[in-house]
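In mature numbering (1 follows the signal peptide of the UniProt record, and there is no 0), the protein residues as written are -23 to -1, 1 to 424. For glycine and all other residues, C-beta sits at the position ideal for the given N, C-alpha and C. The structure under discussion appears below in the form of structure tokens.
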Amino acid sequence: MRKATNLIWAVLMLLSCGLKVTAQHTQYTMGIVFRETPFADIRGTKKMEKHDVDNKKHFELDYDEKGRLVECRYVLNGKLVPFSDRFVRAPKIKVSYQENKEIRTFYNEFGHRTLVSGDVYEARFTLNGKRERTGLTFHNIAGNIIENDFGIARYVWETMPNGDVMEWRYNTEDELVRNRPEFQYFATLFSYNVHGLLAQMTNLGKEGKTPTPDEANVITTKVRYNANGQLTEWSNYDGDGKLTRGMTNIAKIAYIPSDFFSEQEAAFIDQNNEPQLTNWGVHKVVYRFDEHGNEVERTFLDTEDRPSNSNSGIGIIKTTYDANGRFLATRSFFDKEGNPIGLGANKIHEYKTQFDAEGRPIRGFYHDQEGKLVNGSGGYAIEENHYDERGRLAERSYLDADENPVNNTQIGVHRFEYQYKNGTDLEAVNTFSVNGKKTQPNWNPNH
């Protein structure tokens, strides 16, 4: 009896100290609501029952007793799978709360801490008395404030009485910066619909006072959704409320959502609400998926909905996955008739992954149509991963077509070295140039 009493007291003490981390409930969804700002909650789209998602890639969102998100995972059959997009940068995100702070940490598909958005190890939000987010700073492993790969070190937010949100973004020099690449919004007003989904963004320029056109004469961007909260339209407007082409030369994108995370179709529309070609030469992209939700084929169409080649000659991209559906196995390029093609100066036809006995990716290769190793656009032919005895990623490096060490020219790094503490936490990530000297990656994203 005494042992039982002591156990009860121990449990009560843990709860009173706020150490309980078990989720009160878990939500299963196929996607994440579109978020153009980290101010917005990470929310699921197309909610499902657990028994309906086990063999499909899906998100699991854990909430505590106060209804706060404490963990977000992208999984297939109970295992984390690789994932990263513009605003959900890791397969697993943990969220903790400390008085007026919300802290997010990031984990890779093996369950270990990882860097995201460049060298970001931790994202720290500040909250006001109403539990509204008022700011965000990005921190490296040492805890210092740094810029992410968008060149942003901190966000500042003000929530208006009508629910609109003003956003300012600054670099480490305290200069106001744009929201992301291929976009020129500075101070930005975000407006939400009755469901709490982003409905409109308005650029207020560097002064933050009046609607201001960006370099493409866009002032406002509007966003629409279906009943499941999945994105169906993105459109740009000028100061007169007329549809206009943005900095990527696109006025509107019309999406048909799929049963999975990615859209089933994306069509590009001009300022006259007519089908248009993108800068890369296609009007429509159509996706096909396997039973797990993996994209297995991507085809391009012209303004008459006929099969078409992009400016680089691609008409079809085919992708395969490992036997479990977790990891990409091959990605190959074909013209609109289905003939194999080679891209770029080195005529890249295929990217292929080699796995170890535990099913982990250990090498990725670029091949031409003859199966010969060739350098890709990053100046390397092989990406190599090494794991330690505990299954943690210990090193990532790059080799050229002759299997000689080489820098990844897109980031200026030859080798990443990962050091851990406390099992899953990172103690350091060291980066080296091909000459063996330490160097800093050049995080200049192509989004």
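Contact set for Ile388: own chain, Cβ-Cβ below 6 Å, skip 5 residues either direction: Here residue 388 corresponds to residue number 411 of the sequence shown, with the count starting at 1. Within the same chain, Ile388 has close Cβ partners Pro418, Asn419.
Is Ile359 buried or exposed, if buried means 16 or more other CB atoms sit within 10 Å of its CB? Counted from its first residue, the sequence shown places residue 359 at position 382. Buried is the call here.
DSSP has Leu53 in a bridge; who is on the other side? One-based indexing of the sequence shown puts residue 53 at position 76. DSSP, once it has assigned bridges, lists Lys56 as partnering Leu53.
Cα-Cα separation, Thr187 to Gln161: Translated into positions along the sequence shown, residue 187 becomes position 210. Translated into positions along the sequence shown, residue 161 becomes position 184. Answer to the nearest angstrom: the Cα atoms are 15 Å apart.
Only counting the same chain, and skipping five residues up and downstream in sequence, which positions put a Cβ closer than 6 Å to that of Pro252? To locate residue 252, count along the sequence shown from 1; it is residue 275. Contacts found: His260, Thr280.
Give me, in chain order, the residues of the same chain whose beta-carbon lies closer than 7 Å to that of Lys414; leave out the 5 immediate sequence neighbours on both sides. Here residue 414 refers to the residue found at position 437 of the sequence shown. Around Lys414: no qualifying Cβ.
Residue nearest to Asn316 in terms of C-alpha spacing, selected from Asn301, Gly292, Gln331: On the sequence shown, position 339 is the one that residue 316 refers to. The shortest C-alpha separation from Asn316 is found at Gly292.
Counting C-beta neighbours from all protein chains within 10 Å, is the total for Val(-13) 16 or more, i.e. buried, or is it exposed? The residue given as residue -13 occupies position 11 in the sequence shown. A caution first: Val(-13) carries a pLDDT of 37, below 50, which makes its placement in the model unreliable, though a value can still be read off. Under this definition Val(-13) is an exposed residue.
Please name the residue in His344, Ser410, Asn399, Leu370 whose C-alpha comes closest to that of Ala378. Locating residue 378 in the sequence shown gives position 401, where the first residue counts as 1. Residue His344 is the option with its Cα nearest to Ala378.
In angstroms, rounded to a whole number, what distance separates the CA positions of Thr297 and Asn288? Here residue 297 is taken as the residue at index 320 of the sequence shown, counted from 1. Here residue 288 is taken as the residue at index 311 of the sequence shown, counted from 1. Taking the straight line from one Cα to the other gives about 24 Å.
Phe102 to Tyr74, Cα distance in whole Å? On the sequence shown, position 125 is the one that residue 102 refers to. On the sequence shown, position 97 is the one that residue 74 refers to. Phe102 and Tyr74: Cα-Cα distance of roughly 9 Å.
Which whole runs of the alpha helix (DSSP H) in the segment 375 to 411 are 4 residues long or more, in chain order? none
Neighbourhood of Glu124 by C-beta, 6 Å cutoff - its chain only, sequence neighbours within 5 removed: The count along the sequence shown starts at 1 and reaches residue 124 at position 147. Here the set comprises Ala130, Asn148, Thr149.
By alpha-carbon positions, which one of Lys78, Val262, Ala243 ends up nearest to Thr111? Position 134 of the sequence shown, counted from the start, is the residue given in the question as residue 111. Nearest of Lys78, Val262, Ala243 to Thr111, Cα basis: Lys78.
Please state whether DSSP places His89 in a helix, a strand or coil. Locating residue 89 in the sequence shown gives position 112, where the first residue counts as 1. If DSSP states are grouped into helix, strand and coil, His89 belongs with coil.
I'd like the list of long-range same chain contacts for Thr408, defined as Cβ closer than 8 Å, with 5 residues on each side in sequence excluded. Your numbering for residue 408 matches position 431 in the sequence shown. Val390, Arg392, Phe393, Glu394, Lys415, Thr416, Gln417, Pro418.
Starting from Asp39, trace the beta strand (DSSP E) both ways and give me its first and last residue. Taking the sequence shown and counting its residues from 1, the one referred to as residue 39 is at position 62. Run containing Asp39: 35 to 40, per the beta strand (DSSP E) assignment.
Curious, which full-length beta strand (DSSP E) runs of at least 3 residues does the segment 95 to 119 contain? Fully enclosed beta strand (DSSP E) runs of 3 or longer: 99 to 104, 110 to 116.
Taking Cβ to Cβ, would you say Leu208 is nearer than 7 Å to Tyr169? In the sequence shown, counting from the first residue as 1, residue 208 sits at position 231. In the sequence shown, counting from the first residue as 1, residue 169 sits at position 192. Contact: no.
Grouping DSSP H, G and I as helix and E and B as strand, with all else coil, what is Lys414? Locating residue 414 in the sequence shown gives position 437, where the first residue counts as 1. Coil at Lys414, not helix or strand.
Could you check the C-alpha separation between His326 and Lys183 for me, to the nearest Å? Working through the sequence shown from its first residue, we reach residue 326 at position 349. Working through the sequence shown from its first residue, we reach residue 183 at position 206. Going by the C-alpha atoms only, they are around 45 Å apart.
Contact the segment 230 to 250 vs the segment 261 to 271: 3+ CB pairs below 8 Å: yes
Which residue from Arg20, Glu76, Gly88 puts its Cα closest to that of Val52? Here residue 52 corresponds to residue number 75 of the sequence shown, with the count starting at 1. Ranking the options by Cα distance to Val52, first place goes to Gly88.
Less than 7 Å separating the beta-carbons of Asn256 and Asn286? Numbered from its first residue, the sequence shown carries residue 256 at position 279. Numbered from its first residue, the sequence shown carries residue 286 at position 309. For Asn256 and Asn286, no; Cβs fall outside 7 Å.
Residue closest to Ser410, alpha-carbon to alpha-carbon, out of Tyr375, Asn121, Asn301, Asn194: Indexing the sequence shown from 1 puts residue 410 at position 433. The option with the nearest alpha carbon to Ser410 is Tyr375.
Exposed or buried, what is Gly356 when buried is set at 16 or more other beta-carbons lying within 10 Å of its beta-carbon? Reading the sequence shown from its first residue, position 379 is the one you call residue 356. Exposed: under 16 other Cβ atoms inside 10 Å.
Can you tell me the Cα-Cα spacing of Tyr84 and Val406, whole angstroms? As a working mapping, residue 84 is identified with position 107 in the sequence shown. As a working mapping, residue 406 is identified with position 429 in the sequence shown. Approximately 14 Å between the Cα atoms of the pair.
Could you tell me which of Thr386, Asp267, Pro59, Leu166 sits nearest to Val93, measuring between CA atoms? Position 116 of the sequence shown, counted from the first residue, corresponds to residue 93. Taking only the C-alpha atoms, the option nearest Val93 is Pro59.
Looking only at its own chain, which residues have a Cβ that is under 6 Å from the Cβ of Asn412, when we skip the five neighbours before and after it? The sequence position of residue 412 within the sequence shown is 435, counting from 1. Here the set comprises nothing.
For a minimum of 3 consecutive residues, which ranges assigned as the beta strand (DSSP E) are wholly contained in the segment 171 to 239? 175 to 180, 197 to 202, 208 to 214, 229 to 234
Assess, as a yes-or-no matter, whether the segment 31 to 43 is touched by the segment 10 to 17 under the definition of 3 or more beta carbon pairs within less than 8 Å. No: fewer than three Cβ pairs fall under 8 Å.
Given a threshold of 16 other Cβ atoms within 10 Å of its Cβ, counted over all protein chains shown, does Arg283 qualify as buried or as exposed? In the sequence shown, residue 283 corresponds to position 306, counting from 1. Per the 10 Å Cβ criterion, exposed.
Could you tell me the boundaries of the beta strand (DSSP E) in which Gln4 lies? In the sequence shown, residue 4 corresponds to position 27, counting from 1. Its beta strand (DSSP E) spans residues 2 to 9.
For Lys33 versus Glu48, is the C-beta distance shorter than 7 Å? The residue you call residue 33 lines up with position 56 of the sequence shown. The residue you call residue 48 lines up with position 71 of the sequence shown. It is not a contact, given that the beta carbons lie outside the stated cut-off.
Under the three-state DSSP convention, the category Val(-13) falls into: Numbered from its first residue, the sequence shown carries residue -13 at position 11. Confidence is the limiting factor: at Val(-13) the pLDDT is only 37, short of 50, which leaves the residue's position unreliable, though a coordinate-based value still follows. DSSP, reduced to helix, strand and coil, places Val(-13) within a helical segment of the structure shown.
Alpha carbon to alpha carbon, how far is Asn323 from Asn423? Give it in angstroms, no decimals. As a working note, residue 423 is residue 446 in the sequence shown. As a working note, residue 323 is residue 346 in the sequence shown. Any reading at Asn423 needs caution, since the residue's pLDDT is 49, under 50, leaving its predicted position unreliable; the model's value is listed next. Rounded to whole angstroms, Asn423 to Asn323 spans 21 Å at the Cα level.
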